[in-house]
Amino acid sequence: GPLKDIEFSIPEGGKMSIIYQFISEPPAVSFRLTGDKDGIIDIVPKTGILYLNGSLDWETKPVHRLQVEGLDKKGNVVKGPYTITIHVEDINDNPPEFDQKLYAGVVRQNSRPGKPFMYVHATDRDDPTTPHGKLTYSILHHFPKPYQDMLFQIDSATGAISVSKAGSYNLDPQKQDTFTLVVAVRDMAGMTTNAFTASVDVIITVKESLWKAPAIIHITENSTQVHPVNISRVQSNEPDVIYDLFEKEKLPRLPFSIDQNGIIYVTEPLDREERDTYTFFAITKDNEGELVDKPLQIHVIVEDINDNPPVCQQDLTVIEVQENEGGGSNIGTLFATDMDKEDTLNSHLRFKITSQVPEVPANNVFFIQQDTGVLQLIGRSLNKQTASIYNLKVLVTDAVFETICDVQIHVIDINDQIPIFEKSDYHNVTLAENVPIGTVILEIQAADGDEPATGSSHIIYQVKEGDPNNSFIIETDPETNRGVVKINKALDFEAAPVYDLVISATNPEPLVAGVEYNASSHTLFKVFVTNVDEPPVFQKLVYKEVVSEDISVDTLIMTVEAYDPEGDSVRYSLEGDGRKWLRIDSATGRIYVASTLDREQEEIYTVYVVASELNNAAQKSRTTVVLHLGDVNDNPPRLVLDHPTFFCYPLSGGEKTFIQATDDDEQRYFSTITISLADDKDAQNNWEISKVNATYAYLSPKHANFEQQMYIVPVIINDNGRPPLERKVNLEVNVCKCSSEKSCF
34 GPLKDIEFSI PEGGKMSIIY QFISEPPAVS FRLTGDKDGI IDIVPKTGIL YLNGSLDWET
94 KPVHRLQVEG LDKKGNVVKG PYTITIHVED INDNPPEFDQ KLYAGVVRQN SRPGKPFMYV
154 HATDRDDPTT PHGKLTYSIL HHFPKPYQDM LFQIDSATGA ISVSKAGSYN LDPQKQDTFT
214 LVVAVRDMAG MTTNAFTASV DVIITVKESL WKAPAIIHIT ENSTQVHPVN ISRVQSNEPD
274 VIYDLFEKEK LPRLPFSIDQ NGIIYVTEPL DREERDTYTF FAITKDNEGE LVDKPLQIHV
334 IVEDINDNPP VCQQDLTVIE VQENEGGGSN IGTLFATDMD KEDTLNSHLR FKITSQVPEV
394 PANNVFFIQQ DTGVLQLIGR SLNKQTASIY NLKVLVTDAV FETICDVQIH VIDINDQIPI
454 FEKSDYHNVT LAENVPIGTV ILEIQAADGD EPATGSSHII YQVKEGDPNN SFIIETDPET
514 NRGVVKINKA LDFEAAPVYD LVISATNPEP LVAGVEYNAS SHTLFKVFVT NVDEPPVFQK
574 LVYKEVVSED ISVDTLIMTV EAYDPEGDSV RYSLEGDGRK WLRIDSATGR IYVASTLDRE
634 QEEIYTVYVV ASELNNAAQK SRTTVVLHLG DVNDNPPRLV LDHPTFFCYP LSGGEKTFIQ
694 ATDDDEQRYF STITISLADD KDAQNNWEIS KVNATYAYLS PKHANFEQQM YIVPVIINDN
754 GRPPLERKVN LEVNVCKCSS EKSCF
């Protein structure tokens with residue numbers, strides 16, 4: 034044919050062949066070919082024969098683009114250039130290849146059947162738009178194969194490998210933790226025996242369940258990160274579960290949350306000084322609200338940062354020093370506290386005296402140990418006649434903050450009397466574990482014979498033994514030296530049911546040489562802690578459900594769930610079920626339909642579920658259940674007659690009266706009510722009905738010749754619902770003979 038733009042499709046792999054012959058048209062006498070010849074495509078200049086001198090390869094170049102020109106005798110271009118496009122057609126000349134020589138995967142025991150846990154993938158260099166490049170996967174062999182059924186399966190299209198039903202049930206890493214699959218891939222969509230095939234080994238390791246409690250979580254207090262912050266994760270072996278958290282302590286708020294990927298977040302910055310540990314539980318439920326896995330206990334420890342300055346234990350620390358104290362003697366201790374974590378650098382305090390008034394007999398009469406706050410005398414003993422009171426300024430620092438504490442030192446007579454308790458044993462007291470912090474549980478008294486209102490006679494009470502967690506604190510009345518024992522931390526029957534306390538009484542001033550505290554300065558006190566039986570706790574404050582009013586009797590509507598903190602079994606009952614529409618399984622909390630529901634009687638139906646302990650029915654709690662009844666079309670329409678239907682005779686033409694219809698069902702079921710005459714000959718002859726809107730129609734007389742004063746007009750009302758319901762109504766129409774319009778009204 035003549036020179037022109039032209040396209041060809043040629044299968045790859047062919048031998049030397051003629052493609053086309055161009056016919057020269059004067060003044061053209063020869064041809065020239067340029068472009069993607071690649072040494073394979075060429076043209077005979079004189080004859081115009083376009084030919085191949087080798088094989089095309091789709092994988093190397095699927096399209097060749099060339100230009101042909103017609104030349105005159107001098108070699109000038111007189112035709113063209115024209116475009117020649119050669120499309121190389123693929124043939125199935127490449128086998129599929131896996132992208133790995135060996136695959137390895139991990140699957141969890143009891144994994145869900147059909148959910149992929151790994152993929153194999155192969156490629157084929159042939160054209161993917163043809164069957165040559167369409168691949169299918171299958172499992173050829175399964176080693177070992179302890180059961181008749183295959184434990185694994187593969188998606189033929191995607192190469193996704195999952196456990197079968199038999200695998201979900203039978204896989205156990207304790208019995209067999211490694212399997213080898215031989216997976217095959219075929220091209221030609223696996224539809225022909227001539228397809229190329231490749232295979233690969235897949236090593237599968239079976240591991241134990243993922244549903245495990247995480248290690249203790251450590252969170253730094255007062256974090257400046259944007260919250261919520263991811264702190265841990267739990268993972269069920271089952272997909273599509275609903276994750277939730279609950280805690281037993283009934284905190285005002287739990288500053289943790291969990292999303293539906295099992296990721297646990299802290300929702301706000303924590304303050305270690307407010308609370309240093311949290312314990313709560315992660316649970317999983319299915320769409321029915323049933324627990325899927327056993328609750329996992331989550332422990333969180335709040336790590337300290339240095340965010341609290343040192344605090345002087347007293348606004349003014351008064352220390353009394355006997356004037357005969359020798360140089361180097363310990364005369365007292367400046368106590369300061371830091372609310373940061375104990376035994377860390379954040380709360381480690383250092384002390385330094387910055388000033389002394391008066392500076393007699395020297396400006397460095399006193400020395401303070403920098404790490405303990407212990408004050409000592411330097412040099413010779415003090416003389417009360419020289420100075421009876423010294424005022425010190427002590428700088429107390431931690432790694433970040435500093436505070437000035439005031440110390441007043443009184444020079445006094447010697448402390449040669451020890452405090453003596455009025456009782457050696459205060460016997461015992463029994464407390465419930467929920468007794469409030471700060472509650473006074475005992476008053477104690479010791480006497481000291483030293484000079485009143487001095488450090489030698491002031492008494493400091495401390496619990497020396499039996500209270501490792503500082504659950505109790507003792508405060509001293511400075512006027513009477515009476516000690517008040519209070520609850521310092523919440524008691525816990527499960528942790529410590531009994532405390533055997535040893536209480537000591539000491540002076541802030543050191544005793545003189547040769548005098549020591551003895552058994553008279555100690556007393557005994559025992560605290561018994563009793564368990565508190567708490568009522569069951571519901572998982573939700575309100576349970577809501579939407580059900581259709583035509584739901585069958587005995588249908589399960591929902592399940593409510595409560596647990597008893599002490600582990601007792603829970604029994605359920607209903608309150609407020611005035612219409613007797615519901616019943617509850619006392620053991621499981623499942624709520625069923627007990628009798629036919631009716632939205633037209635009550636659309637929002639509220640009842641209460643009471644959960645009580647099996648062994649103590651007095652311990653009970655209550656939750657609310659709200660049912661929203663969905664409507665079905667179960668009520669036929671009816672006429673609304675708020676005035677008599679009548680016409681005044683004689684008629685002048687155009688008279689009509691309104692007819693209104695309504696329906697007790699929701700509006701969606703009667704939004705297109707139709708009102709029409711029944712199939713009655715007299716009615717059809719005398720009357721006609723025309724639609725006004727969705728619920729109104731006009732009734733009009735068809736003529737003016739009425740012989741009766743009252744007519745019965747049969748009317749059909751249809752709600753056009755699903756299913757459509759209709760009602761036949763006999764409408765009484767009165768024809769009033771009036772001498773005038775006025776008398777008619």
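Numbering follows the numbering used here, with no gaps: position 290 of the sequence shown is 323. Heads up, the beta-carbon is just placed ideally off N, CA and C, and yes, glycines get one too.
- Per-residue burial, residue 42 [other beta carbons within 10 Å of its own, 16 or more giving buried]: Label assigned to residue 42: exposed.
- What three-state label does DSSP hand residue 559 in the structure shown? Residue state, collapsed to three classes: strand.
- Item | Nonlocal neighbours in the same chain, by C-beta distance under 6 Å from residue 583, ignoring five residues either side | For residue 583, same chain residues with a beta-carbon under 6 Å away, outside a window of 5 residues either side, are 665 in chain order.
- According to the Cβ coordinates, are residue 408 and residue 359 closer than 8 Å? Judged by beta-carbon spacing, residue 359 lies beyond the 8 Å limit of residue 408, meaning their Cβ atoms are not closer than that value.
- Message: So, for residue 94: in the same chain, excluding its five sequence neighbours on each side, which residues have a beta-carbon less than 8 Å away from its beta-carbon?
- Response: Excluding residues up to 5 positions away in sequence, 69, 71, 121 lie with their Cβ nearer than 8 Å to the Cβ of residue 94 in the same chain.
- Query: Would the beta-carbon of residue 447 fall within 8 Å of that of residue 423?
  - Reply: Not in contact: residue 447 and residue 423 (Cβ atoms no closer than 8 Å).
- Verify whether the separation of the beta carbon atoms of residue 494 and residue 509 is less than 8 Å. A contact, by the Cβ cut-off of 8 Å.
- Message: Using only the alpha-carbon positions, how far apart do residue 162 and residue 87 sit?
- Response: Their Cα atoms are separated by approximately 25 Å.
- Message: Does residue 151 come out as helix, strand or coil in the three-state DSSP assignment?
- Response: Residue 151 falls in the strand class under three-state DSSP.
- So residue 337 packs on residue 305, CB below 8 Å; how close in whole Å? Contact holds; Cβ gap of about 5 Å.
- Task: Flag this pair as touching only if the region 593 to 613 and the region 335 to 349 have three or more C-beta atom pairs under 8 Å; answer yes or no.
- Result: Taking a cut-off of 8 Å for Cβ pairs, the region 593 to 613 and the region 335 to 349 do not touch, as fewer than three such pairs fall below it.
- Item | Host alpha helix (DSSP H) of residue 516 (start-end) | Looking at the DSSP string, residue 516 is not in any alpha helix (DSSP H); the run it does join, the beta strand (DSSP E), is 515 to 520.
- Message: So, at 6 Å on beta carbons, what are the nonlocal neighbours of residue 477 in its own chain, with the 5 sequence-adjacent residues on each side left out?
- Response: Answer for residue 477: 516, listed in chain order.
- Message: Taking the alpha-carbon of residue 421 as reference, which of 392, 596, 622 has the nearest alpha-carbon?
- Response: Comparing Cα-Cα distances from residue 421 to each of 392, 596, 622, the minimum goes to 392.
- Message: Just verifying my parser: in three-state terms, what is the DSSP assignment at residue 372?
- Response: Of the three classes helix, strand and coil, the one that applies to residue 372 here is coil, per DSSP.
- Query: In the DSSP assignment, what residue or residues form a beta bridge with residue 61?
  - Reply: In DSSP, residue 61 forms no bridge with anything.
- Cβ-based burial, residue 279 [other Cβ within 10 Å; buried from 16]: Exposed, since its Cβ has fewer than 16 Cβ neighbours within 10 Å.
- Query: In three-state terms, what does DSSP make of residue 486?
  - Reply: Reduced to three states, the DSSP call for residue 486 is coil.
- Query: For residue 735, which residues of its own chain have a beta-carbon under 8 Å away from its beta-carbon, when the five flanking residues on both sides are left out?
  - Reply: Here the set comprises 718, 719, 720, 721.
- Query: Counting Cβ pairs, one atom from each stretch, are 3 or more of them under 8 Å apart for the region 469 to 483 and the region 384 to 403?
  - Reply: Under the three-pair Cβ rule at 8 Å, the region 469 to 483 does not count as touching the region 384 to 403.
- What's the call for residue 596, buried or exposed, on a 16-neighbour Cβ count within 10 Å? The residue in question, residue 596, is buried, as its Cβ has 16 or more Cβ neighbours within 10 Å.
- Query: When DSSP builds the beta bridges, which residues end up paired with residue 243?
  - Reply: Answer is none; residue 243 lacks a bridge partner.
- Item | Euclidean distance between Cα positions of residue 672 and residue 692 | The straight-line gap separating the alpha-carbon atoms of residue 672 and residue 692 is approximately 7 Å.
- Task: Give a yes or no on contact between the region 542 to 554 and the region 615 to 630, applying the rule of three or more CB pairs nearer than 8 Å.
- Result: With a cut-off of 8 Å, the region 615 to 630 and the region 542 to 554 do not count as touching, because too few Cβ pairs lie within range.
- Task: For residue 221, count neighbouring Cβ atoms within 10 angstroms of its own Cβ and tell me buried if that reaches 16, exposed if not.
- Result: With 16 or more other Cβ atoms within 10 Å, it is buried.
- Task: Give me the Cα-Cα distance between residue 363 and residue 538, rounded to the nearest whole angstrom.
- Result: When rounded, the distance between both Cα atoms is 19 Å.
- Task: Going by DSSP, name the residue or residues bridged to residue 779.
- Result: Nothing can be reported for residue 779: it is not among the residues displayed for the chain, which extend from 34 to 778.
- Please classify residue 164: does DSSP put it in a helix, a strand, or coil? Under the three-state reduction of DSSP, residue 164 is assigned to helix.
- Quick one: is residue 455 buried, meaning 16 or more other Cβ sit within 10 Å of its Cβ, or exposed? Looking at its Cβ environment, which holds fewer than 16 other Cβ atoms inside 10 Å, residue 455 is exposed.
- Taking just the CA atoms, how far does residue 474 sit from residue 574? Separation of residue 574 and residue 474 (C-alpha to C-alpha, rounded to the nearest whole angstrom) is 36 Å.
- How is the alpha helix (DSSP H) around residue 717 delimited, first residue to last? It spans 714 to 719 - the alpha helix (DSSP H) in which residue 717 sits, taken as one unbroken run.
- 3 or more residues per run - each beta strand (DSSP E) lying fully within the region 413 to 491: As far as the region 413 to 491 is concerned, its whole beta strand (DSSP E) runs of at least 3 residues are 422 to 430, 435 to 445, 458 to 465, 473 to 480.
- Query: Using CA coordinates, which residue listed in 496, 487, 505, 527 is at the minimum distance from residue 511?
  - Reply: Nearest C-alpha to residue 511: 487.
- Query: Does the distance from the CB of residue 203 to the CB of residue 159 come in under 8 Å?
  - Reply: No. Outside cutoff.
- 8 Å contact criterion, which residue 101 and residue 84 should meet: CB distance rounded: About 13 Å separates the CB atoms of residue 101 and residue 84; that is not less than 8 Å, and the two are not in contact.
- Task: Give the C-beta separation of residue 211 and residue 261 to the nearest angstrom, bearing in mind that I take them to be a contact with Cβ-Cβ under 8 Å.
- Result: In fact, because the Cβ distance is near 40 Å, the residues do not count as touching under 8 Å.
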